Every structure is written in structure tokens, then in C-alpha cells.
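Residue numbers (my numbering): 1 to 185.
Yeah, the Cβ is synthetic: ideal placement off N, Cα and C, and Gly gets one too.
Model, not experiment: these values are computed from the prediction.
Below: one structure, written as C-alpha cells.
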């Protein structure tokens, strides 16, 4: 339709999707969690006159990256206080080294906030008490074999160093600020 209306030359199209409803995955019958299948979704960007190259990337990007990307593509300045990193460099070079983590959060009950990151093959989550700020529990999943990893490795001694490394990146849910600074400079 864009071609038919002569709009392809000046139209950016971004299609992002929903993760759908869990039908028993992880023993859940719901929609929102900090698990991989609730935070990994499709994102497709079509730029004017890019020739429909169909490039893909394995880089970690987040929905909060859409706003600064659109702002840059449109020649506008993004509001600095917002989360997110412009994906324009990644659109130009899909193999570019990129974010070392993507962040998400979702509550559990009224007193716990779950902060989660995806980094490499790992999904790591900390459940933090909103009143005390203390980490009450942790989850670590290895997704090297697929999107549904069900064995929590966080308390296994052999993964202690990985838990510490990921916890430092997560920084109680504030690690996104460091990730943003790394790609803003």
C-alpha cells in the first residue's frame, strides 16, 4: 500500500509484536512474567529506500529503543532522561557489537519487584523487596538450547560467578543506565 500511495520514500515502518499468552509454559497460565517467553518478541523495522534487504541481527534491543531510534531517523533530538538507545548504528551495521544486556521488570504481589536481564545465553532475575530493597530470591536460566529453560541455576555453586557478574550488570534494576551511557557516547 505504501508503494501504491507513493509513500515508501518517506515512511518508516516499525512492527513490534506481543509475546502471547502462556498455556502452561513454566506452570503458568498468564501473560506477564520476567521469563524469556514473555520478554522476547518480534521487532521489524523498514526504512525508506533501504531496498528491502531483509537484514537480521542477534543484537539485544528493547522496545524503549524505538523512541530514540525514530527521533534520530527523523532528525529530532531524543529526550535524554528517557530510557533507550538509538538503534540507528545497528540498522547500518547489524553485526556491530551492541548492548551486553536487555532489561525488563515485572512485580510479584504487592511487595516484590522482579528485575530481569537477558545477557548472552543467560536470563537472570532478582526479586527485590520494595520496602527493604533487599534481594529476596534469584533466578538464572541458560537459554543456549532454546527459549524455554526451566531449571533455575541461581543457587548452584558452579554458577556463583555468573550470578555475581549478572547481578552487577543488573544493579538492582538500574543497570540500564550504564548500558545506555555505553552506547550514547
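Check                                                                                                                        : Outcome
Residues of its chain near residue 152, where Cβ-Cβ distance is below 6 Å and the 5 sequence neighbours each way are ignored : 139
Buried/exposed call for residue 132, threshold 16 Cβ in 10 Å                                                                 : exposed
CA nearest to the CA of residue 110, picked from 102, 128, 155 and 18                                                        : 128
Inter-residue spacing [alpha-carbon to alpha-carbon] between residue 147 and residue 3                                       : 36 Å
Where residue 17 falls, given that 16 or more other Cβ within 10 Å makes a residue buried                                    : exposed
Span of the beta strand (DSSP E) around residue 159                                                                          : Where residue 159 is concerned, there is no enclosing beta strand (DSSP E), given that its DSSP letter is neither H nor E.
Neighbourhood of residue 41 by C-beta distance below 7 Å, restricted to the same chain and skipping five residues each side  : 16, 17, 18 and 19
Of the listed residues 33, 91 and 83, nearest to residue 105 (C-alpha basis)                                                 : 33
Segment contact flag, the segment 162-174 with the segment 108-127, C-beta cutoff 8 Å, min 3 pairs                           : yes
Per-residue DSSP class, three states only, for residue 142                                                                   : strand
Close beta carbons around residue 69, own chain, < 7 Å, minus the five adjacent residues each side                           : 86, 87 and 88
Proximal residues to residue 73 (C-beta, below 8 Å), its chain only, five neighbours per side dropped                        : 12, 47 and 88
Exposed unless 16 or more other CB atoms sit within 10 angstroms - verdict on residue 187                                    : Because the chain here runs from 1 to 185, residue 187 falls outside it and cannot be looked at.
Where residue 169 sits in the DSSP three-state scheme                                                                        : helix
Alpha carbon of residue 136 to alpha carbon of residue 126, nearest angstrom                                                 : 7 Å
Separation of residue 55 from residue 195, as counted between CA atoms                                                       : Lying before the first or after the last residue shown, residue 195 is absent from the chain, which here runs from 1 to 185.
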